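Chemist: One structure is given below, represented as structure tokens, and several questions about it will come after.
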Amino acid sequence: MFDTAIGACGIAWSPCGIVGVQLPERHATATRERLQRRYPDVPEASPPPKVQRAIDAIIALLRGESRDLSHVVLDMGGIPAFRQQLYSALRNIPAGSTITYGDLALRIGDGCTARDAGEAMGKNPFPIIVPCHRVVAANGKMGGFSARGGVATKLRMLNIEQALTGNTPTLFDSLPLGLSPKRRRAPAQT
């Protein structure tokens, strides 16, 4: 368990890498219980150095610092190859940027649809490290988010990263135009 700007998060790991991240529940005890239900065979322990570095990077990112988590090693054993492809592609979307479900599906190709991408995001065991909060619906809409708080949590995370999209109202809409954060899109992949 570790504290972040959005609340108490949890992380589970194996010798092969991170197996899961738990976003905050209504309080730290609920977060811990949810993590223990998801990973009942993983004992609570002090994180080894590689996991601690991942935790430190997550904390910094959620504090608003620019961090790249693509170096964090994930244990994707048991995750279908299709979802592994989507998660790998999504890890290339930098903080402060977003991508649509449809554009993410196009990066995978092979008949992947926006709906397929959305379903995979809903099953993402590595939120923040696999930044599913950066995937939005077409036409500037937020789409869903499976963490506690739903779209409000997603919007909060995007606000922290200053990755506001489309015409979605934000906490900053009442500010004069010169003071509002820039809205950035993920760079096109070549």
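One rule links them: number in the working numbering = place in the sequence shown (from 1) + 5.
Glycine residues also receive a C-beta, built at the ideal position from the N, C-alpha and C atoms.
Please read these numbers as outputs of a predicted model, since none were measured by experiment.
Are the beta-carbon atoms belonging to Y92 and V140 less than 7 Å from one another?
Modeler: No.
Chemist: Taking only runs that begin and end inside the region 19-90, name each unbroken alpha helix (DSSP H) of 4 or more residues, in chain order.
Modeler: DSSP runs (the alpha helix (DSSP H)) wholly in the region 19-90: 33-43 and 54-67.
Chemist: What separation, rounded to the nearest whole angstrom, lies between the Cα atoms of A157 and A168?
Modeler: Answer to the nearest angstrom: the Cα atoms are 14 Å apart.
Chemist: Does T105 get closer than 7 Å to chain D when you measure Cβ to Cβ?
Modeler: The chain inventory of the structure shown lacks chain D, comprising one protein chain alone.
Chemist: Does the region 27-46 come within contact of the region 62-69, defined as at least 3 CB pairs closer than 8 Å?
Modeler: Touching, no, given that fewer than three Cβ pairs across the two stretches are closer than 8 Å.
Chemist: Whose C-beta lies closer than 6 Å to the C-beta of Q90 among residues of the same chain, with five residues either side of it excluded?
Modeler: Only I113 meet the Cβ criterion.
Chemist: For H1, count the other beta carbons within 10 Å of its own beta carbon; 16 or more makes it buried, fewer makes it exposed. Which is it?
Modeler: The structure shown has nothing for residue 1, since the chain only spans 6 to 195.
Chemist: Decide if N144 is buried, meaning its Cβ has at least 16 other Cβ atoms within 10 Å, or exposed.
Modeler: By the 10 Å Cβ count, N144 comes out exposed.
Chemist: Rounded to a whole number of angstroms, what is the C-alpha to C-alpha distance between V78 and M126?
Modeler: Each residue's Cα considered, the two are about 19 Å apart.
Chemist: On the three-state DSSP scale, how would you describe I113?
Modeler: Of the three classes helix, strand and coil, the one that applies to I113 here is helix, per DSSP.
Chemist: Of all the options A100, K55, V26 and F87, which has the alpha carbon lying nearest to the alpha carbon of D121?
Modeler: For D121, the nearest C-alpha among the options comes from F87.
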